[in-house]
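Student:
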Amino acid sequence: MNPKYFLCFLLMLTASPALAGNVLDTVEKPLGDSIHIRQDAQKKMDKWGVERQELEARYRELQSLVEQQTKTLNASKEREQSLEQAAAQKQTRLENARRMGEELTPFLHDSLSRLELLIYEGDAFLIPERQARLDRLRTTISAPDISPGEMYRKVMEAFFVEAEYGNTVEVYRETLNVEGADIRANVLRFGRLAMFCQTLDEKQCGALDSATGQWRWLPAKFVPELSRAFSMAQKQLPMDIVSLPLGKVNP
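Numbering (mature numbering (1 follows the signal peptide of the UniProt record, and there is no 0)), first residue to last: -20 to -1, 1 to 231.
1. Suppose you measure from the CA of R32 to the CA of N54; what does that come to, to the nearest Å?
2. Hey, would you say C176 sits closer than 9 Å to L106, going by beta carbons?
3. DSSP state of D20, grouped into three classes?
4. Taking Cβ to Cβ, would you say L156 is nearer than 9 Å to V167?
5. Check whether the segment 171 to 186 touches the segment 127 to 136, counting contact only when three or more Cβ pairs, one atom from each stretch, lie closer than 8 Å.
6. Which of helix, strand or coil does DSSP assign to T179?
7. Apart from the five residues just before and just after residue 232, which ones in its own chain have a Cβ nearer than 6 Å to its Cβ?
8. Between E36, A37, L226 and T50, which has its C-alpha nearest A191's C-alpha?
9. Considering only DSSP beta bridges, list what T155 is partnered with.
10. Does DSSP put K215 in a helix, a strand or coil?
11. For the alpha helix (DSSP H) holding A191, just list the boundary residues, first then last.
12. Can you pull the DSSP bridge partners for E150?
13. Strictly by DSSP, which residues pair up with A174?
14. Let's test the definition: count the other Cβ atoms within 10 Å of the Cβ of F202 and tell me whether it reaches 16, buried, or not, exposed.
15. Specify, as a first and last residue, the run of the alpha helix (DSSP H) that V135 falls within.
16. Give the range of the alpha helix (DSSP H) segment to which D125 is assigned.
17. Residues in the same chain with beta-carbon distance under 7 Å from Q214, minus the five sequence neighbours each way, listed in chain order, please.
18. Let me make sure I understand the geometry here. Which of L198, N147, L88 and K24 has the alpha-carbon closest to that of T120?
19. Does the distance from the CB of F139 to the CB of L95 come in under 9 Å?
20. In whole angstroms, give me the CA-to-CA distance for D13 and K23.
21. By Cβ distance, which residues of its chain are closer than 6 Å to I221, with the 5 residues on each side in sequence left out?
22. In angstroms, rounded to a whole number, what distance separates the CA positions of R59 and E34?
23. Taking the beta carbon of G186 as the centre, do at least 16 other beta carbons fall within 10 Å, making it buried, or is it exposed?
24. Could you give the distance in angstroms between the alpha-carbon of F(-12) and the alpha-carbon of G29?
25. How many angstroms separate the CA atom of G160 from the CA atom of P124?
And the structure:
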């Protein structure tokens, strides 16, 4: 500013107090207002800065929560899909089991009939014991709540028992009909190969005729050999070769 004008301005203020007051009002008030406005603006900016930080923190918190919820939702969907797949697989297994049961049941009943023929038309030994086992089996598989798997297991067990008879040597006592006479005798069974009997006094012996299924007396010459066979079967003598007739018994 030109010093001359500034000096003149000061002289005017000095010379006229009223003018000086007007000038101060004109200058100071707008300046004060401007300062207040700036202060208010700064306070608002500071307040907004704090609010913005809080909002940003809240946003990050909500964003993290959304991510967690999304992961949880995805995991729930995966579990739901797994459960649906498991349910479908279980339903398939149940359907397969039902169909298998429908196919297996007639087969097992047919197997039971064959087992019955094996007992009554095969070698006549231990008939009461085998008949009782067959009756129990028939009752078991007729139960309404038995599963096809359990039914199959029971029938196979009965067949295994019958098959085992072919691998064992057994001695037992039974009432037999030999050529029309009922006698109490000791019976020697060689698997399913042959069956022999001996009177309790060990004076007579006989054999089961495989052709007719009837008991026949054997010649007296076989009594000593059969006595030895009985003793070996009961482990009273060491194993040795014996000469006994097999197959059809000639009268």
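Backbone N, C-alpha and C define an ideal beta-carbon position, used for all residues, glycine too.
Tutor: Concretely, from the data shown:
1. For R32 and N54, the distance between alpha carbons rounds to 32 Å.
2. The sequence given here has Phe at residue 176, not Cys. No, they are not a contact pair.
3. Helix at D20.
4. Contact: yes.
5. These segments do not touch.
6. Of the three classes helix, strand and coil, the one that applies to T179 here is strand, per DSSP.
7. Outside the modelled stretch of the chain, which goes from -20 to 231, sits residue 232, for which no answer is possible.
8. With distances taken between Cα atoms, A191 lies closest to L226.
9. DSSP output for T155 lists R164 as bridge partner(s).
10. Coil.
11. Run containing A191: none; DSSP gives neither H nor E here.
12. Answer is R169.
13. By DSSP's assignment, A174 forms a beta bridge with F170.
14. Buried, because 16 or more other Cβ atoms sit within 10 Å of the Cβ of F202.
15. Going by DSSP, V135 is part of the alpha helix (DSSP H) stretching over P128 to E144.
16. Counting along the chain, D125 falls outside any alpha helix (DSSP H), and DSSP gives it neither H nor E.
17. The answer, listed in chain order, is V151.
18. Measuring from the Cα of T120, the nearest candidate turns out to be L88.
19. Closer than 9 Å, so yes.
20. So the alpha carbons of these two residues sit roughly 15 Å apart.
21. In its own chain, leaving out the 5 sequence neighbours on each side, no residue places its CB closer than 6 Å to the CB of I221.
22. As the crow flies, the alpha-carbon of R59 is around 37 Å from that of E34.
23. G186 comes out buried.
24. Only weak support is given to the placement of F(-12): the predicted model assigns it a pLDDT of 48, under 50, and the value that follows is read from those uncertain coordinates. Going by the C-alpha atoms only, they are around 45 Å apart.
25. Taking the CA atoms as reference points, G160 sits about 45 Å from P124.
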